[in-house]
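Working notes, structure below.
4 protein chains.
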Amino acid sequence: MRKIAVLTSGGDAPGMNPAVRAVVRRALSRGLEICGIKRGFAGMFDPTPFEDLETGSVADIIHRGGTVLLTARAPEMMEPENQDKAASRLKEDGIDGLVVIGGEGSFRGAQTLEQRGIKTICIPGTIDNDVKGTEQTIGFDTAVNTILHAINRLRDTATSHERVFIVEVMGRNDGYLALAAGLAGGAESILIPEIEYNLDDVCDRVLKGIKRQKAHSIIVVAEGAGDVFEINKEICEKIKVDVRVTVLGHIQRGGTPSAVDRLLGSRMGAMAVDLLYENKQGLFTAVRGSEVVPASLEGCFKTEKEFPEELYHLARDLST
Amino acid sequence: MRKIAVLTSGGDAPGMNPAVRAVVRRALSRGLEICGIKRGFAGMFDPTPFEDLETGSVADIIHRGGTVLLTARAPEMMEPENQDKAASRLKEDGIDGLVVIGGEGSFRGAQTLEQRGIKTICIPGTIDNDVKGTEQTIGFDTAVNTILHAINRLRDTATSHERVFIVEVMGRNDGYLALAAGLAGGAESILIPEIEYNLDDVCDRVLKGIKRQKAHSIIVVAEGAGDVFEINKEICEKIKVDVRVTVLGHIQRGGTPSAVDRLLGSRMGAMAVDLLYENKQGLFTAVRGSEVVPASLEGCFKTEKEFPEELYHLARDLST
Amino acid sequence: MRKIAVLTSGGDAPGMNPAVRAVVRRALSRGLEICGIKRGFAGMFDPTPFEDLETGSVADIIHRGGTVLLTARAPEMMEPENQDKAASRLKEDGIDGLVVIGGEGSFRGAQTLEQRGIKTICIPGTIDNDVKGTEQTIGFDTAVNTILHAINRLRDTATSHERVFIVEVMGRNDGYLALAAGLAGGAESILIPEIEYNLDDVCDRVLKGIKRQKAHSIIVVAEGAGDVFEINKEICEKIKVDVRVTVLGHIQRGGTPSAVDRLLGSRMGAMAVDLLYENKQGLFTAVRGSEVVPASLEGCFKTEKEFPEELYHLARDLST
Amino acid sequence: MRKIAVLTSGGDAPGMNPAVRAVVRRALSRGLEICGIKRGFAGMFDPTPFEDLETGSVADIIHRGGTVLLTARAPEMMEPENQDKAASRLKEDGIDGLVVIGGEGSFRGAQTLEQRGIKTICIPGTIDNDVKGTEQTIGFDTAVNTILHAINRLRDTATSHERVFIVEVMGRNDGYLALAAGLAGGAESILIPEIEYNLDDVCDRVLKGIKRQKAHSIIVVAEGAGDVFEINKEICEKIKVDVRVTVLGHIQRGGTPSAVDRLLGSRMGAMAVDLLYENKQGLFTAVRGSEVVPASLEGCFKTEKEFPEELYHLARDLST
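Taken in sequence, the protein lines are chains A, B, C and D.
Residue 47 is where the first sequence starts when you use the numbering used here, and the numbers rise one by one after that.
Residue 47 is where the second sequence starts when you use the numbering used here, and the numbers rise one by one after that.
Residue 47 is where the third sequence starts when you use the numbering used here, and the numbers rise one by one after that.
Residue 47 is where the fourth sequence starts when you use the numbering used here, and the numbers rise one by one after that.
Quick look at the structure:
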């Protein structure tokens, strides 16, 4: 291993910058050359030369949201001929190893390069926490805190007007963000794709709250759990209360990374380089308890991610 | 003047609590009795007795968003018979003076009570800054800062993906919030009801930014300037760029009040009591330059609010 | 088990309120009576009756820093006769079980009551993360994030003036806070009680940074690692640079609890009640990996807490 | 006027970056060349050529604290021969006009260049708000909000422990910061250089608060009003309460600029260029009410700044 490259791919997540910083500085401290590929896999099809990175290239980025390497979705990486092209490009540039920071889609892209002889190590970076085989992904903690800030603001106005607020948070297929933010935000109900819900029950909980003079109710809904405007309509048909809908949207992606995400990014970035340095491949860096460990990429695609159902019930119990 | 009451009405605004605190404590320091009416004018039709307020009643609220007195829209106050009823209630309770904190609609409600013999002083509290005759309203500064926080987050993801973001902010009839946030947030274009816009021009500015390798573009749109989803569609038809829409919604109302809004609330609350104490009426507290001055309520309804058009042009000039 | 009590003791930590909320609501959902003891163990010597808590007693506190139950150091609990008195008081009040939220000192106080027949479960709540047998304590994550906010601000002024900043953070005996904040904050050097340091090395790192035109240097120092003003003097004697000292002090204790601390508080609070409900005792709730598990109080006093030395070396490696 | 230069000098203040951005972009939009001088006046004695600035040079800085032009105190500018040297350097570089952003010391430096034929316009940028002839300086609003954030955190721990907190804020000669932050933060007492105080009175107010079961007391002290540790000692000798001291220090300088400071910076930066463009000189941009107006530099040094004493009394009245 003499020269490695790093890229960020898919949706951006706070903490990608600390990870990039760690990859670059650990590589340099290991005596490796390191270059950055811009805009995820798309950068491999861009004739612009990859930028060689130095210690100073990643100065003053540990506290910045987003990713200085830029990112993009890369549908072109689905085509085998493009996968060949990308692998050739890396080889021509003398790149022996690659660190890919992103979600499961990016992991799959990385795997196609691995099959073409490029050693790759992946780092799970996505606010959705939906990568199997790791308990946490970089960006998740910051996103939960961002949602809590928004809920804090909504709580002020909800309380002043004695209103019910429906808050849509990200999560097309998974309810991790909604669950963590709902539990930590004291939401009355949390609607997520993993668990069937019943709007009568949601309404009951709202009415129960009103009865004991609760000043406000907050219902957190993951994108994938249903259309919030439709849910609003149904609730208003069932019970006569003043309900407002807020779709948090893209503000959930931004912001300075939290301590957890900076530490995770730093640890995972360093480990990814260490693994390449030891000529390992086909792995990603995973959280297991308080440890960061190497895990098999192949295994990741096969396992099911366990949903922390007990937290869902805890949230219900505590917000009654 | 022996006993006065205070209420907050209309949409809640950060800084209402510091204003309520100032009204209560100044009243007590003037030797007046002071009571709080809950849920705006609606509280006058609620048989529950008004709560007598003490120094401790407003302890620890100066930093809280929303309003501890709760608030509500009060369509019932449009009916003359209800206005009579409300005035009678106040007289029965021995209330000689009333402080109303809210927007222009609330000021009109206050005026109907004035006409029925209740001395009233109004305080402009609304995030929209749309009260005529005052340069600033309580809540505006906090709301602008809240929008800037959101734009900061969007900037991270906009930069990482090299995207254009359309951000809808509050302002059905006025562009004050959009203008201040757009200028302070470095937005490329600001669309407001006061000034006609042209989407070709908006697109030109986006393209110009892309040409000089600007990493992102942000377009701030006041609610009243058009449907953001429609605007998005039109822009995407005109130019092929990656655009995302974010509707900030109710998070703009909440949050701990900023220094400006706490100072404004404190000064206006104290002045409102002083005016009642001097048996003044038919006035509201207004910002003129760095002063807080009494202004005629009647005059407020008649003047036109001057729109700071030069700031609009400044914003255009600086974001080129 | 019919009636339990809860108290917070020692230094306050953000996340104590979510823990109190969880204890109260889980107790009620288990059909137990629950009362709150004010000002930690000191409340047991105050003739004021303990307050019975209801669901509404802990409404709207999940996002509040500090502790609504108030807290105090309780030197009087060192005296056996006071321990007898406290146990008698609890028995007289019909209290069968006690939840104590605090640090190791509080755990020892709890143990003396246990020895006198009061079943107790402890919850580790302290920003210092210095409780043995648990990987994390409630309040630690928020405190690290608070320090990072402060470092962000210092970075602005450090960069503008090209200065070195020495930042003193809490930690009389332990460097956990300093280590986590230093690593996540990109500090050039981290001085902690656990690892011997050498000011020549610190100076070398500063000079090396200046050489590669680093705009600023930040040195994080745990209270227990030495006097920051003395360290400043020594550095200024060794190398001629512009150094400033900032002692963060008590702002590290406050602030709305982070997501991690709210989740930890909620989970630990609920588990503490569940353990009492099952007539368990002599335990505390501990973090092991991603789990919250019951651990032996006795064991806690005997184990050594492992210091994550590899993170210290990672920090050095990444900030070179 | 063909070519102008801009520099930031003295202590850095949040909002300097928006001002620099406005200077640069307005200059370019006026068809002027614009260059940046690094490290304040010191940059004139550094042989490194001044950097020509383009639109992109100030991209993405409107939300950044500190100053991208760097800053320094410049004692060398006190020497007439250095003033000659600096003026010559500017003339050699073809610089016809200069914008100086800083406090009164920087204004005096600017004046010496003016006397040597360099047209200069000054912009008041300092968190202390101590420039005479302007109601507000860039950076003040952000600093007040930063102090309020810190007080919010202290309030949590002060309340939990029922403590008194003494908070030292910046202000060697002036109490503006302390006054605004103390009033907006609900401090019990505010000690500033402008108004004589009496520690018996401070103690009385603390005791009065305790008597009516106030959970905490906060005393804000400007640096120039006395040594906080000495004040602490005296208070503790007079009354037996638990007092803690926090020195906020340099965190007050940093942070993303607030809306007010971004707008002020933008408006003042643009006006400074407009004035140079019209061949004006010897002026600084001043806030008068809601306007930004040109004011005479000479006048600034002669006037006395009016201290808003009524706000001091308001603060006392409202925190009783």
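Glycine included, every Cβ here is placed at the ideal spot set by N, Cα and C.
In summary, the residues of the stretch 253-267 of chain C whose CB is separated from some CB of chain A by less than 9 angstroms are Arg258, Gln259, Lys260, Ala261, His262, in the order they occur in the chain.
Considering only C/Ser365, C/Gln327, C/Pro340, the residue with the shortest C-alpha distance to C/Gln161 is C/Gln327. Here the alpha carbon of B/Gly57 sits roughly 24 angstroms from the alpha carbon of B/Leu322. Of all alpha-carbon atoms in D/Lys131, D/Glu324, D/Lys279, the one lying nearest the alpha-carbon of D/Asp288 is that of D/Lys279.
Between B/Asp92 and D/Glu276, the alpha-carbon positions lie close to 54 angstroms from each other. A/Lys137 is the residue among A/Gly151, A/Ile147, A/Lys137 whose C-alpha sits nearest the C-alpha of A/Ile164.
Interface residue (Cβ-Cβ distance to chain D less than 8 angstroms): C/Asp273 is not classified as such. Under the DSSP assignment, C/Ile167 falls in the beta strand (DSSP E) whose first and last residues are 165-170.
Nearest C-alpha to A/Gly300 among A/Ser134, A/Thr94, A/Thr172, A/Thr166: A/Thr172. Around D/Tyr243, the same chain offers Ser235, Leu237, Ala271 as residues with beta carbons nearer than 8 angstroms, after the five sequence neighbours per side are excluded. Per DSSP, the beta bridge partners of B/Cys81 are B/Ala51, B/Asp98.
If you draw a straight line from the Cα of B/Val306 to the Cα of C/Glu97, it is about 39 angstroms long. If you check each beta-carbon in the stretch 271-296 of chain A against every beta-carbon of chain B, the ones closer than 7 angstroms belong to Arg290, Thr292, Val293, Gly295, His296. Residues Ser235 of the same chain have their beta carbon placed closer than 6 angstroms to that of B/Val248, with the five preceding and five following residues left out of the count.
By the Cβ neighbour-count rule, D/Met123 is buried, with 16 or more other Cβ atoms within 10 Å of its own. In the DSSP assignment, the residues bridged to B/Ser263 are B/Val210.
DSSP places D/Arg334 inside the beta strand (DSSP E), whose first and last residues are 329-334. With distances taken between CA atoms, D/Leu309 lies nearest to D/Ala65 out of D/Ala65, D/Val52, D/Ser55, D/Lys49. A/Thr292 is bridged by DSSP to A/Val213.
Taken through DSSP and simplified to helix, strand or coil, B/Gly143 comes out as strand. Bridge partners of B/Val339 according to DSSP: B/Ala332. Sequence-distant Cβ neighbours of B/Leu360 in its own chain, meaning closer than 7 angstroms and more than five residues away, are Leu229. The DSSP assignment places 235-237, 263-268 as complete runs of the beta strand (DSSP E) inside the stretch 221-288 of chain B, in order along the chain (cut-off: 3 residues). Spatial neighbours of A/Ile141 in its own chain (CB-CB distance under 6 angstroms, excluding positions within 5 residues in sequence) are listed in chain order as Lys49, Ala51. Here the stretch 169-183 of chain D lies against the stretch 209-228 of chain D, with 3 or more beta-carbon pairs under 8 angstroms apart. The alpha-carbon of B/Leu116 is positioned some 21 angstroms away from that of B/Arg72. Counting other Cβ atoms within 10 Å of its Cβ, D/Val339 stays below 16 and is therefore classed as exposed.
Taking C/Glu240 as the centre and dropping the five residues before and after it, the same chain places the C-beta of Gly221, Phe353 closer than 6 angstroms to its C-beta, in chain order. With respect to the 8 angstroms criterion, C/Arg67 and C/Val104 are classified as neighbours on the basis of their beta carbons.
Per DSSP, C/Gln129 is one residue of the alpha helix (DSSP H) stretching across 126-138. At least one CB atom of chain D sits nearer than 8 angstroms to the CB of B/Arg334. Nearest CB-CB separation between C/Ser75 and chain A: below the 8 angstroms threshold. Counting only the Cα atoms, A/Asp320 lies some 24 angstroms from C/Gly255.
In this structure, DSSP gives A/Gly179 a state outside helix and strand, which the three-state scheme calls coil. By the Cβ-count criterion, C/Lys257 is exposed, with fewer than 16 other Cβ atoms from all chains shown falling within 10 Å of its own Cβ. Under the three-state reduction of DSSP output, D/Ile107 falls in the coil class, being neither helix nor strand.
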